[in-house]
Amino acid sequence: MTDSQDLKILFVEDVPEDLELAKRKIKSSGLEFESFLAEKEDEFLKGLYEFKPDIIISDYMLPEFDGMRALELALTYNINIPFIILTGSMNEEIAVEAMKAGATDYILKERISRLPFAIREAIDVKKALVEKKIALNALKSMSEIVQQSPFSVISTNLEGIITSWNKGAERIFGYTSEEALGRNVSILYHKNDFDVLQNYVIEPLLAKGYNQVQVRLLRKGGELFIGSLSLWVVKDGAGNPIGMVGYTYDITKEVEAENELRIKDQAIESDIDGIVLVDLNGNLTYANSAACSMWGYADKEEVIGKKITDFLASDEDGERILNELKEHAFKSEFKAVRKDGSEFPVWLSASRIRDSDGKIVSYMGSLVDYTEKKKAEDALETSEQMYRLLAENTLDCIWSMDMNLNFTYGNHAVYNILGYLPEEWIGSNLKDHCDEENFNKMKEYIGIGMQKAPISEGIRFQVDVLNKEGHSVPVEIIGKLIFDENGAPVCLQGTTRDVTKRVEAENALKESEERLELALRVSEHGFWVWDLDQNDFYFNPKAYTMLGYEDNEFPMSIDVWSNMMHPDDRKQVIPEIINCVNKRKPFSFEIRMTGKSSDWIWVLVKGNTFNLKSKKHWAIGTLVDITERKKTEEQMLLARIAAEEANRCKNELLANMNHELRTPLNSIIGFSDVLLTGSLGQVSAEQEKYLRLMNNEGHRLLSLINHVLDLSKIESDGITLNFSNFDPVLVAENVMESTEMLAKKKNIRASMSTDRNIGTITADVDKFREILYNLIENALKFTPQSGNIVVVMNRKDEEIEVSVQDTGIGIAEEDRERIFDAFVQVDGSTTRRYGGAGLGLVLVREYLKMHNGCIRVESEAGKGSKFIFKIPVYPVRKEKSEYKTPMKRGICRPKYQQQSQSPKP
């Protein structure tokens, strides 16, 4: 992903509102992105392989999928994709589990403002990992190349002990690495060359860092050969030499070939023209290399014995040459022919060779190929034309002037730079084109050049000159004084370049640096820079004042900064910072630092390492005072601990009151039952009325106590599910029968519709029965006389869906979420009119949550309510700690809302 591309985010979320909030937070931070939503595993896999995300943001728990499974799939697909858990609830154990499993970060939805920062940090880490992998691969490849190189690559320490030995060295010298390592490199050199090598190669090498030499070397068996040796000095991080690396290859054959070629070259230099000998019949008896080359032959054997006419374009020319030579020596031009059939002009100077008796025995000819001369003439003309074109078309002004500073030449670029035509420029004086200050500056540089007569290295300077309209133009002038054979200056030649844009860029850079300096001075954050090459350390003014010091009150260094840290933090943080700097990784630490007042303050330290275009290496970062934040966090932690302790005491108290509350109630209910049976004597109608009232209120109070205690057990992790296989339809029918009397009292018609193919499920049958009972009892409680209640049960895939619909008072939209909170009903009047403590639905939801199920409600005020819950056919085993999740987690989300196919009453 480049900066110009949109970020590709794969969301795993089932709540549209949460998804939209996350998107808005990311967009508001300036991040541009494309997104893909997955709510199930198959959608997630499609997003991985087709959408190819740059980052994944996942909820921890979804109805049909979960974040840990998504993390597992993501790591299988690509371990480098950042994975952030974004959830409404996550305790510390789950967070640790997620991070150990490979998650990049986790964020609570209540702290969603941190999401953009986490995304940027994750992408930066990903880039850093990718860049590190590329660098490691490159290093590995380079090491393999050196090892497999056909040339010898050997490294030694400063004492000459061999420390590395590649396969090329084994092949060239004959020693294995086991035989060579640890021995002195002198075993490889001719004994007469080693001292010379030490004095005239090694010592200069240590001074300049590199040297190359041709040297005699020895193989393992004593065989001598000539090698080309290139040497480099190896230095440590401080620039101190610690060893040498040598690159060697066998050049024996090349040296021998060079010696032979040198001899041939000497012969060619003595007779650079082609020399041939011809017998009286015109047969070639000798030809030197120049002649062979002229005709296109590489081997003399191809030439010797051939007729002279074979090398001429015309047979008549051959006859004429022989006839002329019979009479006298002569010179003439002919058309010769090469081996490939091409013709070329040649100048022949022919003479006759006589024996001691004066008899002509042979002819000798000197051949000059005119082709090269003609090519040289053509090349010279082309070169002159090229330089003319270059001079006339270059962007730089090319000029010359006499010693009176009058211009004698100017190319067309003078018009582009200063607006003068060449004919206007020639004859003008240098003083005509600049003010007095710049004219004096140029005369000063010319004077410096004249002082170096007759050898001038040239002058280079920047001045302002005036264009034809009188406006100042910054230019760079490169000039050279030309001297005659007596060392007297005769003229100046040079170029002038318009550097307006460069000057503007330099001014802009200077202004930018000034703005940055001002910004750093007024910044609310401390800012630090560590020059890793020079080990210089810089604090901006805010960094000093944060610690109570004046700006630059004392020189800052990494050691001074380290000593200002709390000892416990220093031991941990300084090594980590140095490690991150060495590995070019970003870092962030919260540490304690002491300032001028000796008080400890909390500081957030962030930094990263950069390789600048100037090849400098800097670590740059910020210091932020987070003391107040730390105090707030400490107060919040203490408050949370106190709240948890109070809640634990409450739960312990309620659990311990189980026996004390139930024992007297059981006695009251039991004795009232006995009295109502008449076994202890007949009771009057009024007595029976009060006994039944007492019995009913006792049962109601016992139910309330049971609900409170059950809720307390859930919160204190005291309830364990007892799974068994059972028929949910039979349980539902049993519950319908047990509530039949309640329905008849209010003349309510209660009916049930089920799918007979539901089969058995595995769950806690008692909790399943209580879920149904509480929902049906709740429906009976809030349904008026002569109302209707319908229970529908169906199987959908691997879940059982049950709905309980009534024609009761209904629930307003704003109250639908509140009814699942403990001790809450719609309003106080409802409580007084219908009774109850508002715990039934809470227990229903908690029992369903323990089964990995959920519940939702569809209702309108005055139009009745429909409660729908789902429970898995097979249990999803959980750790007990997973039951202690926020209250809303067990509520089905709107996306599951479906119309039940229940019969009309």
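The numbering of the sequence shown is the working numbering, which starts it at 791 and goes up by one.
All residues carry an ideal CB built from backbone N, CA and C; glycine is no exception.
This one's a predicted model, so the numbers in the text were calculated from it and none came from an experiment.
Taking all protein chains shown into account, decide if residue i is buried (16 or more other Cβ within 10 angstroms of its Cβ) or exposed.
i, result
"Phe1657", "buried"
"Arg1635", "buried"
"Val1280", "exposed"
"Ser1480", "A quick correction: the sequence has Tyr, not Ser, at residue 1480. So Tyr1480 ends up on the exposed side."
"Cys1439", "exposed"
"Gly1108", "buried"
"Pro872", "buried"
"His1223", "buried"
"Ala1080", "buried"
"Met1034", "buried"
"Glu1435", "exposed"
"Ala1433", "exposed"
"Lys1670", "Unreliable positioning characterises Lys1670 in this predicted model, as indicated by a pLDDT of 45, which lies under 50. The coordinate reading is nonetheless provided below. With fewer than 16 other Cβ atoms within 10 Å, it is exposed."
"Asn1194", "exposed"
"Val1594", "buried"
"Val986", "exposed"
"Asp796", "exposed"
"Asp1026", "exposed"
"Phe1120", "exposed"
"Pro1454", "exposed"
"His1118", "exposed"
How close, in whole Å, do the beta carbons of residue i and residue j come, if the pair is a contact with beta carbons under 8 Å?
i, j, result
"Asp1063", "Leu1157", "6 Å"
"Met782", "Leu1282", "Because the chain here runs from 791 to 1695, residue 782 falls outside it and cannot be looked at."
"Lys1090", "Ala1077", "6 Å"
"Tyr1160", "Val1136", "6 Å"
"Lys817", "Phe855", "Contact flag wrong, Cβ pair sits at about 25 Å."
"Ala1429", "Val1371", "With a Cβ gap of about 39 Å, Ala1429 and Val1371 do not count as contacting."
When the distance is taken between beta carbons, is residue j closer than 8 Å to residue i?
i, j, result
"Asp1596", "Gly1654", "yes"
"Asp1554", "Asn1496", "no"
"Leu863", "Phe834", "yes"
"Leu1337", "Lys1396", "no"
"Arg1287", "Glu1266", "yes"
"His1315", "Val1414", "yes"
"Ile1601", "Val1647", "yes"
"Gly1072", "Ile1098", "yes"
"Ala828", "Leu811", "no"
"Leu996", "Pro1031", "yes"
"Glu840", "Lys798", "no"
"Val1582", "Ser1528", "no"
"Val1253", "Lys1233", "no"
"Lys1534", "Leu1570", "no"
"Ala893", "Ile875", "yes"
"Tyr1235", "Ile1216", "no"
"Gly857", "Asp844", "no"
"Asn1122", "Val1068", "Note on residue identity: the sequence assigns Ser, not Asn, to residue 1122. No."
"Pro1518", "Ile1590", "yes"
"Met1484", "Ser1462", "yes"
Who are the Cβ neighbours of residue i in its own chain at under 6 Å, not counting the five residues just before and after it?
i, result
"Ser954", "Ser945"
"Ser1020", "Gln1002, Tyr1037"
"Ser1731", "This structure cannot speak to residue 1731, because the chain is shown only from 791 to 1695."
Using C-beta distances below 7 Å, list every residue in its chain close to residue i, excluding the 5 sequence neighbours before and after it, in chain order.
i, result
"Gly1284", "Trp1189, Ile1267, Ile1268, Gly1269, Lys1270"
"Glu1343", "Tyr1334"
"Val1473", "Leu1465, Leu1481"
"His1202", "Glu1182, Pro1212"
"Gly1095", "Asn1073, Leu1074"
"Gly1131", "none"
"Arg1144", "Ile1150, Val1151"
Can you find the residues in the same chain that come closer than 8 Å, C-beta to C-beta, to residue i, ignoring five residues on each side of it along the sequence?
i, result
"Arg765", "The question about residue 765 has no answer here: the residues shown for the chain are numbered 791 through 1695."
"Asp1349", "none"
"Arg1559", "Val1521, Asn1524, Val1525"
"Trp1390", "His1356, Arg1382, Met1383, Thr1384"
"Arg904", "Ile897"
At a threshold of 7 Å, does residue i count as lining the ligand HEM (C-beta to nearest heavy atom)?
i, result
"Val1395", "This structure simply doesn't include the ligand HEM, nor any ligand for that matter."
TODO: Output the residue ranges of the beta strand (DSSP E) runs that lie fully inside the stretch 1247 to 1278 and measure 3 residues or longer, sorted by chain position.
DONE: Along the length of the stretch 1247 to 1278, whole beta strand (DSSP E) runs at least 3 residues long occupy 1249 to 1256, 1262 to 1273, reported in chain order.
Open item on the list: For a minimum of 3 consecutive residues, which ranges assigned as the beta strand (DSSP E) are wholly contained in the stretch 1165 to 1221?
Closed with: Scanning the stretch 1165 to 1221 from its first residue to its last, the whole beta strand (DSSP E) runs of 3-plus residues come out as 1187 to 1192, 1197 to 1200.
Open item on the list: Quick check on the DSSP output: what are the complete alpha helix (DSSP H) runs of length 4 or more inside the stretch 1290 to 1369, in order along the chain?
Closed with: Entirely contained in the stretch 1290 to 1369, the alpha helix (DSSP H) runs reaching 4 residues are, in chain order, 1290 to 1312, 1331 to 1336, 1348 to 1353.
- [ ] Report the residue ranges of all beta strand (DSSP E) runs contained in full by the stretch 1117 to 1162; include only those spanning at least 3 residues, in chain order.
- [x] You should have 1120 to 1127, 1133 to 1144, 1150 to 1159.
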